[in-house]
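Enquirer: Residue numbers (our numbering): 1 to 135. Note that CB positions come from ideal geometry on N, CA and C, so glycine has one too. Computed from a predicted structure; not experimentally measured.
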Amino acid sequence: MSGKLILLIDHEASVRAILQVCLSRLGGWNVLSASSLSQGLEVLMLKEALLIRRPDAILLDMPMLATDGLGVIQEFRNHPLIQPIPIVLITAKACWFSDQQLKQMRIVGAIAKPFNPIKLPKQIAEILNWDSQIS
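#1: Count Cβ pairs between the segment 114-129 and the segment 4-23 that sit closer than 8 Å; are there 3 or more?
#2: Taking the C-alpha atoms as reference points, what is the distance between Leu89 and Ile52?
#3: If we ignore side chains and look at the alpha-carbon of each, how far apart do Leu8 and Leu32 end up?
#4: How close, in whole Å, do the beta carbons of Pro55 and Ile85 come, if the pair is a contact with beta carbons under 8 Å?
#5: Determine the DSSP secondary structure at Gly40, reduced to helix, strand or coil.
#6: Where do the N-terminal and C-terminal ends of the beta strand (DSSP E) with Leu7 fall, by residue?
#7: Which value, in whole angstroms, describes the spacing of the CA atoms of Glu126 and Asn30?
#8: Taking Asp61 as part of the beta strand (DSSP E), name the residues at either end of that continuous run.
#9: Report the three-state DSSP secondary structure of Ile111 (helix, strand or coil).
#10: Measure the Cβ-Cβ separation of His79 and Leu41 and say whether it is below 8 Å.
#11: Check for me: the alpha helix (DSSP H) holding Ala92 runs from which residue to which?
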């Protein structure tokens with residue numbers, strides 16, 4: 001295992017379960033999961049309070065966001081606990097975002113849904129520039 005820790009935030013329990021399995025078994029990463037932005041923030045605050053390390057990345061489901069999704073991302077991104085953590089969007093709307101918009105939101109990449117669970121860890125590793133033994 002690489003020792004990397006990912007915070008997964010997705011509102012669909014079935015998607016979280018699939019992602020949890022493919023990221024931990026195929027990617028070799030430790031995964032924390034949350035069903036909402038607020039629950040994700042609670043997980044981060046608990047980690048901070050317990051002096052446990054922060055996640056190395058956040059995988060964030062875009063459709064779960066309110067109508068002003070970009071505003072919500074910006075607010076989430078400006079939180080001091082989250083600011084240094086790279087965020088990768090996982091969204092059915094990946095084509096809606098230009099590289100410039102992603103850069104402006106400080107999002108390091110976007111992965112389109114539906115995704116291939118077998119290829120997902122490699123996609124994430126490439127976006128985050130993580131050395132990977134994933135084939």
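Expert: Judging by the given coordinates:
#1: yes
#2: Here residue 89 refers to the residue found at position 89 when the sequence shown is read from its first residue. Here residue 52 refers to the residue found at position 52 when the sequence shown is read from its first residue. Going from the Cα of Leu89 to the Cα of Ile52 covers about 24 Å.
#3: For this step, residue 8 is matched to residue 8 along the sequence shown. For this step, residue 32 is matched to residue 32 along the sequence shown. Answer to the nearest angstrom: the Cα atoms are 6 Å apart.
#4: Position 55 of the sequence shown, counting from 1, holds the residue named residue 55. Position 85 of the sequence shown, counting from 1, holds the residue named residue 85. That pair is a contact at about 6 Å.
#5: Position 40 of the sequence shown, counted from the start, is the residue given in the question as residue 40. In this structure, Gly40 counts as helix in the three-state DSSP scheme.
#6: Along the sequence shown, read from residue 1 onward, the residue named residue 7 stands at position 7. Per DSSP, Leu7 belongs to the beta strand (DSSP E) from 5-9.
#7: Residue numbering aside, residue 126 sits at position 126 when the sequence shown is read from its first letter. Residue numbering aside, residue 30 sits at position 30 when the sequence shown is read from its first letter. So the alpha carbons of these two residues sit roughly 17 Å apart.
#8: Reading the sequence shown from its first residue, position 61 is the one you call residue 61. Run containing Asp61: 57-61, per the beta strand (DSSP E) assignment.
#9: The residue given as residue 111 occupies position 111 in the sequence shown. Reduced to three states, the DSSP call for Ile111 is strand.
#10: The count along the sequence shown starts at 1 and reaches residue 79 at position 79. The count along the sequence shown starts at 1 and reaches residue 41 at position 41. Yes, the pair counts as a contact, with Cβ atoms nearer than the cut-off.
#11: For this step, residue 92 is matched to residue 92 along the sequence shown. That residue, Ala92, is in no alpha helix (DSSP H); it is neither H nor E in DSSP.
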